[in-house]
Amino acid sequence: MKLRHLIYILTLLFTVPALAQQDAQYSMFMFNNLAINPGFAGSNDAICASIINRQQYMGFPGRPQTTVFNIDAPISKINSGIGLTINNDLIGWDKKMNILLHYAYRLNLGDGQLGLGLNFGLFNSSFNPKDPLTPDDITETEGDDPVLPVAEVNDMVPDFSFGAFYRLQNLYVGFSSTHLNQADLNYATSTSGESKLTRHYYLAAGYFYKLPNPLFEIRPNLMVKSDLATAQIDANVSLLYNKVVWAGVSYRAGDAIAAMAGVELKNGLKIGYSFDFVTNKIHSVSHEFLIGYCFDLSLDKAKGSYKSVRIL
């Protein structure tokens, strides 16, 4: 089989909406709440920015490569938070970019704070074979299917999401739905090639438990994602030492086990790394990198004073 045919097949496996969820996945998902839940915006009471880069299925041509950038900040005078997410997802010859502006209204509820958020943005999807495909290529690879594009195609659509994020000092719970409008993507060569962004639902939760020895803290996190056709469960637990160094394990049901580690410095800088061993039939490894920073511009607070950077 030619290399470009292998790339083409891998691209189809990951991009056909009927077969799989469309949103990117992360092992360190607890640091990516803003991208999936606009209600998170401003919840750290500081200006926080982060980048996560995921290199998936190492050794395979056309493997998934994903980068997400998040930044958010509180607007205390109007009990609000704002944010920006830029997500770039490359799989084979398929490239997706999502740019989202977030707004959350924050209100006190019980002993915690609830953020109710909306976002609006643009979702761009393109398919660009490096070598133009011919009808013979398509027949050899997947059968004579007029829906499959043989040259570069591109479409951009509006995208909306909603989320609620509730946070206590040592607990958070979030529920959100992305791609609410389920916009149509016409990015094939005929009307039968139209697809749509599938609405996704997320339930995320985390808890921070201090052990009898005050130098140690356990932090379990859980995320359930579904598009009402399939569901995915991610769970991890990490141990934080002296509020600086942490390490843990993550499990994605039916897909991968990951080892994670990182540091959280007193100046607000956060660095993390995850090594995933894929447990499905692909039997490969993935790498994930995180860097984040939080800072407070308030003049009436001490330098470096912020609530937490644990859930950037």
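Numbering (our numbering), first residue to last: 1 to 312. Glycine is no exception: its CB is placed at the ideal position from the N, C-alpha and C atoms.
TYR202 is a Cβ neighbour of ASN37, given a cutoff of 8 Å.
A residue is called buried when at least 16 other Cβ atoms come within 10 angstroms of its Cβ; ILE52 meets this threshold and is buried. Between LYS210 and SER161, the alpha-carbon positions lie close to 34 Å from each other. Taking the Cα positions, PRO74 is about 7 Å away from ALA41. Pairing SER286 with MET260 gives a Cβ-Cβ distance that is not under 8 Å.
For a cut-off of 8 Å, the C-beta gap from ARG199 to ASP227 is around 7 Å, short enough to register as a contact. By the Cβ-count criterion, MET58 is exposed, with fewer than 16 other Cβ atoms from all chains shown falling within 10 Å of its own Cβ.
In this structure, LEU269 and TYR293 form a Cβ contact; the two beta carbons are roughly 5 Å apart against a cut-off of 8 Å. Annotated three-state conformation of LYS196 is strand, per DSSP.
Going by C-alpha positions, SER76 is about 34 Å away from GLY248. When DSSP states are grouped into helix, strand and coil, LYS77 belongs to the helix group. The Cβ-Cβ distance between ASP94 and PHE127 falls below 8 Å. Excluding the 5 residues flanking it on each side, ASP89 has same chain C-beta neighbours closer than 6 Å at ALA24, THR66, LYS96, in chain order.
Excluding the 5 residues flanking it on each side, PHE277 has same chain C-beta neighbours closer than 6 Å at ILE257, VAL285, in chain order. For the pair GLY272 and PHE31, the CB atoms are nearer than the 8 Å cut-off. Scanning LYS225, CYS48, ILE82, ASN44 for the CA closest to the CA of TYR26 turns up LYS225.
Rounded to the nearest angstrom, the Cβ distance from LEU114 to ALA164 is 7 Å, consistent with a contact under 8 Å. Between ASN87 and PRO212, the alpha-carbon positions lie close to 40 Å from each other.
Under the DSSP assignment, ASN53 falls in the beta strand (DSSP E) whose first and last residues are 47 to 55.
The C-alpha of LEU168 is placed about 32 Å away from the C-alpha of GLY254. Nearest Cα to PHE216 within the set LEU197, TRP246, GLN232, ALA235: TRP246.
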